[in-house]
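The next block holds one structure in the form of structure tokens; read it before the comments.
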Amino acid sequence: MTKGYHEPVLAGEIIELLVRRPGLYIDGTLGGGGHSLAMLQELQRKGFDAGSLVIGIDQDACALSAAREKLAPFGENAVAVKGNFSQIAEIAGRVCGERGFDASAVGILLDLGVSSAQIDTPERGFSYMHHGPLDMRMDSGSPTSAADIVNAMSQRELASLFFRYGEEPRSRSIARDIVDYREKYGALSRTEELAGIIRQGQRRPDLAIKTLSRVFQALRIEVNRELDVLGEALDEGASLLCPEGRLAVISYHSLEDRMVKVFFADKSRSDWGPKSVGLREPLVKAGYRVVTRKAVSAGAQEVSMNPRSRSARLRVLEKLDEGVRCEPA
Ligand SMILES: C[S@@+](CC[C@H](N)C(=O)[O-])C[C@H]1O[C@@H](n2cnc3c(N)ncnc32)[C@H](O)[C@@H]1O
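Those letters in the sequence shown? Residues 59 to 387, by the numbering used here.
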């Protein structure tokens with residue numbers, strides 16, 4: 059494995075559900091390139107590599123250099139691009155345009171959240187378990203860090219943030235403790251300062267861990283606008299699919315998973331108008347179907363080898379075939 063990057067989660071399931079024919083594949087969350095590598099190997103194994111291209115996107119420059127090294131043996135079949143997956147359509151259009159490749163995708167993957175390499179690097183400030191700057195930016199060039207948010211928001215805004223994005227029941231008292239701390243000692247700048255404030259307010263160590271992860275999660279979501287960009291990527295990703303093309307999303311917490319589930323349900327629902335009319339055909343036929351009726355989770359063996367997979371939930375959406383198939387370029 060590339061240093062700091064763990065085994066890709068649910069890789070076997072992703073390969074089985076996504077890699078079914080040659081064409082364009084987009085890995086919107088390239089990370090260390092584990093899933094892209096697995097997809098490229100499978101394309102090669104099936105003899106599909108001649109007509110295939112895998113575009114990997116990540117907003118983190120460190121992830122890109124790790125992935126580029128890993129994917130180098132695949133030459134022209136793989137390209138790694140710095141960007142946000144909310145711009146998936148623009149990126150795919152540009153890369154495919156440069157290569158004369160059809161920009162409709164056979165498979166798109168979003169493996170959401172942060173990588174183990176990001177969490178395990180104290181200087182990135184993602185984890186309450188390390189001492190580091192209170193940063194949490196996946197894209198180090200973006201303007202707002204977690205410290206900026208913690209220091210600029212009012213007590214009310216902080217409480218609402220921890221409740222909305224962390225589902226933290228003690229959101230109000232944590233927000234009050236932060237504001238008291240700011241008044242006494244000035245602006246916060248370190249992960250250990252924030253973790254200390256939370257630990258002090260929650261005397262039971264078992265509950266403190268849960269609170270710490272919920273508050274850090276809430277801040278991370280806000281810093282990286284994670285739910286906003288996910289909404290944009292789902293819209294763009296679904297539109298980019300060719301008939302029978304599939305969009306696979308792995309989420310790690312209920313806020314993301316709920317969003318994906320509702321989006322997939324909406325996309326796959328036909329409009330039958332008011333029930334009383336009793337139509338034989340829907341007014342608007344659904345253009346998609348949900349492939350995974352229930353979210354797919356990791357099995358016990360994968361969880362024991364890769365604890366990160368414990369909370370993973372995979373859902374897959376397929377664009378229905380209306381008689382047009384995309385052929386490899
Ligand atoms: C869970 S890791 C992906 C790991 C990857 N599947 C692998 O096999 O190594 C998530 C990655 O997606 C990136 N990421 C998260 N949100 C993103 C976004 N909106 N746009 C681009 N990259 C994003 C993160 O920087 C991180 O490297």
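Note that the Cβ used here is the ideal one computed from N, Cα and C, for glycine as well. This one's a predicted model, so the numbers in the text were calculated from it and none came from an experiment.
Next on the checklist: I need the boundaries of the alpha helix (DSSP H) containing R240, first residue and last residue.
Outcome noted: 229-243 is the extent of the alpha helix (DSSP H) around R240.
Next on the checklist: Using 8 Å as the threshold, is the C-beta distance between L285 and G295 below it?
Outcome noted: Cβ atoms of L285 and G295: not closer than 8 Å.
Next on the checklist: DSSP has S84 in a bridge; who is on the other side?
Outcome noted: Looking at the sequence shown, residue 84 is not Ser but Ile. Answer by DSSP bridge pairing, in chain order: I113, I166.
Next on the checklist: Is it the case that the region 337-351 contacts the region 264-282, given that we only count it when at least three CB pairs across the two stretches are under 8 Å?
Outcome noted: no
Checklist entry - Contact check, R182 vs D197 under 8 Å by CB: the rounded distance? => result Rounded, the Cβ-Cβ distance is 11 Å, inconsistent with contact.
Next on the checklist: Spatial neighbours of L76 within its chain, please: C-beta separation below 6 Å, excluding the five flanking residues on both sides.
Outcome noted: G165, R304, A306
Checklist entry - Hey, would you say G141 sits closer than 8 Å to A121, going by beta carbons? => result With a cutoff of 8 Å on beta-carbon distance, G141 and A121 are scored as not near each other.
Checklist entry - Which residue or residues does DSSP assign as beta-bridge partners of L372? => result I308, V354
Next on the checklist: For a quick check, are the C-beta atoms of D85 and V112 less than 8 Å apart?
Outcome noted: yes
Next on the checklist: Can you determine whether any heavy atom of ligand 1 sits closer than 7 Å to the C-beta of H93, and answer yes or no?
Outcome noted: yes
Checklist entry - What's the call for E339, buried or exposed, on a 16-neighbour Cβ count within 10 Å? => result exposed
Checklist entry - Can you tell which of P80, I115, R78 has the C-alpha that lies nearest to the C-alpha of S94? => result Answer by Cα proximity: I115.
Next on the checklist: Taking only three categories from DSSP, how would you classify V137?
Outcome noted: DSSP places V137 within a strand segment (E or B) once states are collapsed to three.
Next on the checklist: Only counting the same chain, and skipping five residues up and downstream in sequence, which positions put a Cβ closer than 8 Å to that of A356?
Outcome noted: V67, L68, N364, S367, R368, A370
Item to check | Nonlocal neighbours in the same chain, by C-beta distance under 6 Å from A276, ignoring five residues either side | outcome: L219, F220, Y223, G224
Next on the checklist: Using a Cβ-based criterion (distance less than 7 Å to any ligand heavy atom), does Q117 qualify as near ligand 1?
Outcome noted: Yes, the Cβ of Q117 comes within 7 Å of a heavy atom of ligand 1.
Checklist entry - Among residues of its own chain, excluding the 5 on either side of V208, which ones have a beta-carbon nearer than 6 Å to its beta-carbon? => result L246
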